[in-house]
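Here the sequence shown is numbered in this note's numbering, starting from 380 and rising by one per residue.
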Amino acid sequence: MLLRSVDFGEADRILTLVTDAHGRIAVMARGARRSQKRFGGALEPFAIVEASVAMGVGEVGRLAEARVLRAFPRLIGSLDAMREAGHALELVRSVSPQRHGEPRLLDAIAALFEELDRDATSVGVFARSSLRVLAIVGLAPRVTACVSCGRAPEPGQAALFDAGRGGIVCRACGGGPLRLSGRARAFMIDALRAAEGGPENHEVDARESPSEIARTDLSDVEAALDAFVKRHVRS
Ligand SMILES: [Zn+2]
């Protein structure tokens with residue numbers, strides 16, 4: 380899946396791809412600028428492609444062939460959906476290991492694209508998939524118990540969140556600048572648990588995604604995630 384495309388010279392492009400077998404790789408697509416047909420639609424964003432790549436001794440491999448396995452026409456018909464998908468790809472680009480396969484990352488993004496393609500107005504899918512991506516790479520925020528003393532709030536209880544300390548912090552341990560409503564916290568716990576279920580669960584996740592989460596609760600989740608990603612993920 381294409382993460383980034385940069386023009387190179389008169390005719391070529393350098394692409395950053397996230398792959399199931401080799402993680403994040405950079406490849407040179409020769410002639411990609413000169414001829415749109417050279418790699419079909421496989422160099423457009425938001426598609427799952429099969430690519431054959433020759434990796435040489437350097438950092439940048441060479442794209443030999445590419446074809447689209449799965450396109451998401453309704454996703455790319457919606458600016459909102461494309462923005463959500465674009466943010467998710469940015470996150471994956473930041474966290475995906477170079478030349479080290481992590482197929483679950485691709486699964487997480489594919490599940491998000493499927494969901495946005497099915498319903499471009501789905502609420503909370505980006506937050507849900509961001510949590511899944513963070514969990515896969517071992518960067519999940521801790522929202523079940525205070526990061527300092529380990530005391531767990533009651534289920535459904537609101538909590539204070541400190542991105543710098545990596546999760547929720549109880550008042551006795553100093554609290555945090557952001558508030559997570561009980562429902563926001565439940566949403567995050569649910570998303571992180573689903574992520575632990577592994578790639579084979581993504582169909583289930585998509586169907587069960589709680590589209591009924593209220594905007595106010597979702598904005599708690601998004602504010603916490605935004606602060607957390609800024610703090611813990613390189614850009
Ligand atoms: Zn505490």
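Just so it is clear, CB atoms sit at the ideal spot from N, CA and C, and this is done for glycine as well.
Taking only the alpha-carbon atoms, compute the straight-line gap between residue i and residue j and give it to the nearest angstrom.
i: Arg412; j: Ser384; result: 11 Å
i: Asp494; j: Ser501; result: Strictly speaking, residue 494 in this sequence is Glu, with Asp absent from that position. Going from the Cα of Glu494 to the Cα of Ser501 covers about 7 Å.
i: Met461; j: Phe566; result: 23 Å
i: Gln631; j: Ile592; result: The shown model of the chain, from 380 to 614, leaves out residue 631, and the question about it has no answer.
i: His401; j: Arg478; result: 5 Å
i: Arg562; j: Pro534; result: 9 Å
i: Gly577; j: Ala426; result: With a pLDDT of 48 at Gly577, under the threshold of 50, the predicted position of this residue should be treated as unreliable, though the coordinate-derived value follows. Their Cα atoms are separated by approximately 22 Å.
i: Leu597; j: Leu442; result: 40 Å
i: Val608; j: Ile547; result: 15 Å
i: Gly543; j: Pro532; result: 20 Å
i: Arg356; j: Gly435; result: Residue 356 is absent from the structure shown; the chain starts at 380 and stops at 614.
i: Ala433; j: Val406; result: 9 Å
i: Val447; j: Glu575; result: 29 Å
i: Phe418; j: Glu444; result: 7 Å
i: Ala487; j: Ser475; result: 12 Å
i: Val526; j: Leu539; result: 11 Å
i: Arg409; j: Arg392; result: 7 Å
i: Gly420; j: Gly480; result: 24 Å
i: Leu604; j: Ser431; result: 35 Å
i: Ile515; j: Arg483; result: 7 Å
i: Val471; j: Val612; result: 10 Å
i: Glu601; j: Leu559; result: 10 Å
i: Ala570; j: Ala606; result: 18 Å
i: Pro520; j: Ala490; result: 21 Å
i: Arg572; j: Ala537; result: 18 Å
i: Pro452; j: Asp498; result: 12 Å
i: Gly437; j: Leu396; result: 16 Å
i: Ile455; j: Thr523; result: 36 Å
i: Leu394; j: Gly555; result: 40 Å
i: Leu422; j: Leu382; result: 10 Å
Per DSSP, residue i forms a beta bridge with which residues?
i: Phe492; result: Answer by DSSP bridge pairing: none, since Phe492 is not bridged.
i: Phe418; result: BP columns for Phe418 are empty, so no partner.
i: Val428; result: Val447
i: Phe607; result: Per DSSP, none; premise fails for Phe607.
i: Met407; result: Ile393 and Arg441
i: Gly402; result: Thr398
i: Leu381; result: Leu396
i: Ala433; result: Arg441
i: Asp386; result: Arg392
Mind checking if residue i is an interface residue toward chain C, Cβ cutoff 8 Å exclusive?
i: Ala574; result: Within the model displayed, chain C is absent; a lone protein chain is all it includes.
Does the pairing of the stretch 496 to 514 with the stretch 463 to 483 give three or more beta-carbon distances under 8 Å? These segments touch.
Would you list, in sequence order, the uninterrupted alpha helix (DSSP H) runs of no fewer than 4 residues that lie entirely inside the stretch 511 to 591? Whole alpha helix (DSSP H) segments, 4+ residues: 561 to 575 and 581 to 587.
Fully enclosed by the stretch 461 to 489, which beta strand (DSSP E) runs are 3 residues long or longer? Counting only runs that start and end inside the stretch 461 to 489, there is no beta strand (DSSP E) element of at least 3 residues.
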